[in-house]
Amino acid sequence: MVSAEDSLITEQKIALDPATFAESAVHVDGPVVLEDREGGLDPWTAAVWLAARDENVRITLPAAPAAVSEEMADKALDTLNTLAGSRVTTPGAASRFDDLPASLIKLEPGDPGYRGRSSTYMRGGRPALILRPRTPAEVADALAFARRHPELQLGLRSGGHGISGRSTNTGGLIIDVGAMNSIEMLGTGLVRVEPGATWKQVGAFLDKYDLALGSGDYGGVGVGGLATAGGIGFLSRSQGLTIDRLRAVELVLADGSQVRASDTENQDLFWAVRGAGANFGVATAFEFEAEEVTEVGWAQLALVTDDLAESLRQYGEVARAAPRDTTVFWLTGQPRQGQSVIQMYGLVDSGDPDTIIERLTPFATTGMLAQQQVVVARYTDVMAQAADVGAEGHHGRGEPISRSGFLPELTEEFARDVVQLLRSGQTFFFQLRHMGGAIADTPSDATAFAHRTPEFSVTAIGMDRQGLDAAWDLFLAKHFDGLYLSFETDQRPERLHDAFPPETLGRLRELKRRYDPAALFRDNFPIPLETS
1 MVSAEDSLIT EQKIALDPAT FAESAVHVDG PVVLEDREGG LDPWTAAVWL AARDENVRIT
61 LPAAPAAVSE EMADKALDTL NTLAGSRVTT PGAASRFDDL PASLIKLEPG DPGYRGRSST
121 YMRGGRPALI LRPRTPAEVA DALAFARRHP ELQLGLRSGG HGISGRSTNT GGLIIDVGAM
181 NSIEMLGTGL VRVEPGATWK QVGAFLDKYD LALGSGDYGG VGVGGLATAG GIGFLSRSQG
241 LTIDRLRAVE LVLADGSQVR ASDTENQDLF WAVRGAGANF GVATAFEFEA EEVTEVGWAQ
301 LALVTDDLAE SLRQYGEVAR AAPRDTTVFW LTGQPRQGQS VIQMYGLVDS GDPDTIIERL
361 TPFATTGMLA QQQVVVARYT DVMAQAADVG AEGHHGRGEP ISRSGFLPEL TEEFARDVVQ
421 LLRSGQTFFF QLRHMGGAIA DTPSDATAFA HRTPEFSVTA IGMDRQGLDA AWDLFLAKHF
481 DGLYLSFETD QRPERLHDAF PPETLGRLRE LKRRYDPAAL FRDNFPIPLE TS
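In this text, residue positions in the sequence shown follow the UniProt record's numbering: the first is 1, and each later residue adds one.
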């Protein structure tokens with residue numbers, strides 16, 4: 001162990017004096033502490049210069065960055081981190097909270113690692129505090145802190161993907177369960193997964209047993225958010241939603257109690273968690289029943305069309321007739337010079353090349369095929385296409401707007417209205433996710449996710465909230481029956497009624513009164529305690 005006296009000997013203090021700094025920094029031996037004085041050099045510029053001269057030097061700055069706004073201070077920290085990485089540290093400011101749980105890892109603005117946990121995959125955020133529990137007991141400690149601070153908006157975060165945006169905020173509290181990420185096999189096909197694991201990691205683990213579990217379309221998504229919302233992915237038409245493979249869940253409730261819910265334990269809570277989980281607790285572990293999946297056909301197609309409405313209508317017909325072993329998603333953006341580029345990507349749950357070609361050929365004929373890649377692969381290879389986030393976390397910026405709807409049937413009128421929406425310029429990303437098949441095998445009242453019969457889940461993303469909301473309401477809203485909350489940023493009260501049919505919402509309201517009467521979980525499309 002290095003004593004305090006020894007550590008002082010190894011540190012070299014360098015004054016930010018314009019006349020002496022360059023000469024003092026020539027012979028750096030050991031860690032450096034920069035000392036700021038009136039009229040001295042800018043410590044941030046000096047640190048970058050010094051770090052660039054010697055890749056082994058470690059530098060301690062005199063203070064956090066001074067800036068005209070919190071956003072500019074964050075940008076200064078980001079710049080320094082990009083250029084010098086963890087070799088440069090700043091002294092953390094005193095915490096604004098005097099009752100922080102001693103058991104928890106905590107991050108506040110200015111702390112090392114804060115930026116990568118405050119932002120998500122798609123958007124920026126600046127929460128006042130991030131708590132990172134590692135055990136259910138620490139989750140309970142974090143929720144006790146949240147109960148003491150009802151003035152703080154509360155967000156829950158697992159992998160930090162969060163298209164809907166509620167896994168970060170500005171000025172609030174984030175409980176980040178990303179450190180709880182273990183995966184273990186319990187028995188034949190039964191796997192226990194903690195919420196901070198990603199589906200890429202789950203796919204790699206299950207592949208060793210020739211198993212797979214349907215899990216959206218991107219391996220970087222965290223297990224916790226998707227496994228409590230629904231999970232519409234490449235295996236959903238053959239396996240059902242991700243929540244349909246869930247056999248038990250461990251939760252920490254709003255009062256800090258730890259419970260287990262399944263078909264035989266706390267059945268009402270188990271019903272609610274599968275589709276409305278964010279309202280009832282923090283999931284700390286899931287038990288899923290995976291199915292045997294070995295090789296699959298993975299396809300990526302690019303088509304060009306000058307009649308987008310017709311191509312979309314044809315896609316609807318082909319998708320409607322497809323066997324349940326085939327799932328193909330459809331994606332486009334704004335048309336250019338009268339033409340639209342369509343991307344289709346999806347999976348055939350078969351390793352037989354002839355079967356794969358037979359299933360995909362009808363999709364490839366819905367436009368002029370410009371590019372194709374079809375391979376026989378393992379399901380883990382499909383999930384592994386997601387980039388690793390790494391220790392530095394996410395660094396998303398901006399505030400993208402997302403709208404969602406469940407489409408009962410793809411009609412000619414819907415296809416024409418999609419073209420109108422795209423011509424409005426309010427969306428740069430328009431996606432249809434292929435549903436049906438095994439999703440509809442589960443009765444609509446079996447889980448809080450009640451929308452079992454739509455042909456497609458539809459999503460549009462843009463940057464102008466008022467513009468996209470107005471265009472969506474004008475052109476597409478009339479076609480939908482329900483929506484997927486994980487892809488929805490519009491928090492007008494009627495969206496909750498779109499997400500949950502009346503009987504479902506009434507049952508959820510009763511359970512909310514029982515399990516969260518103080519409405520601790522109130523910041524992610526909360527279930528109202530009373531009828532509005």
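We put the beta carbon where it would ideally sit given N, CA and C, even for glycine. Small disclaimer: the values here were computed from a predicted structure and weren't measured.
Each of Arg452, Ala146, Gly124, Ala283 was checked against the Cα of Ser164, and the nearest Cα belongs to Gly124.
Annotated as distal: Glu71 and Ser103, with beta-carbon spacing of 9 Å or more. Of the other Cβ atoms in all chains shown, fewer than 16 fall within 10 Å of the Cβ of Tyr209; this residue is therefore exposed.
Met463 is classed as exposed because its beta carbon has fewer than 16 other beta carbons within 10 Å across all chains shown.
Between the segment 269-289 and the segment 359-368, the count of C-beta pairs closer than 8 Å stays below three; the two stretches do not touch. For the pair Leu190 and Arg260, the CB atoms are not nearer than the 9 Å cut-off. Classified as buried, Pro43 has 16 or more neighbouring CB atoms from the shown chains inside 10 Å of its CB. The three-state secondary structure of Lys13, taken from DSSP, is strand. Pro18 and Ala46 have their C-alpha atoms spaced approximately 10 Å apart. In the structure shown, Ser236 falls within a helical segment according to DSSP collapsed to helix, strand and coil. When only Cα atoms are considered, Arg37 and Gln12 end up about 16 Å apart.
In the DSSP assignment, Asp176 is bridged to Arg157. Per DSSP, Tyr345 lies in no alpha helix (DSSP H); the unbroken beta strand (DSSP E) holding it starts and ends at 340-348.
For Glu108, no alpha helix (DSSP H) encloses it, and the DSSP letter there is neither H nor E. In the displayed model, Arg313 falls within a helix according to three-state DSSP. Taking 3 residues as the minimum length, the beta strand (DSSP E) runs contained wholly in the segment 432-491 are 456-462, in order along the chain.
In this structure, Val223 sits near Gly159, with a CB-CB distance shorter than 9 Å.
DSSP, reduced to helix, strand and coil, places Phe406 within a strand of the structure shown. Going by DSSP, Phe21 is part of the alpha helix (DSSP H) stretching over 21-24. Under a 10 Å Cβ-count criterion, Gln239 is classified as buried, with 16 or more other Cβ atoms of the shown protein chains found around its own Cβ.
In this chain, the beta strand (DSSP E) harbouring Val193 covers 190-193. Between Arg117 and Thr411, the alpha-carbon positions lie close to 42 Å from each other.
Bridge partners of Gly222 according to DSSP: Thr198.
Note: Gly187 is bridge-paired with Leu190 in the DSSP secondary-structure output.
Per DSSP, the beta-bridge partners of Gly297 are Val348, Val376. Nearest neighbour of Asn181 by Cα position, chosen from Val374, Lys200, Arg320, Val382, turns out to be Lys200.
Around the Cβ of Ala387, a 10 Å sphere holds fewer than 16 other Cβ atoms; the residue is exposed. In the structure shown, Ala276 falls within a helical segment according to DSSP collapsed to helix, strand and coil. The DSSP-derived three-state label of Ser118 is helix.
Pairing Gly172 with Asp523 gives a Cβ-Cβ distance under 9 Å.
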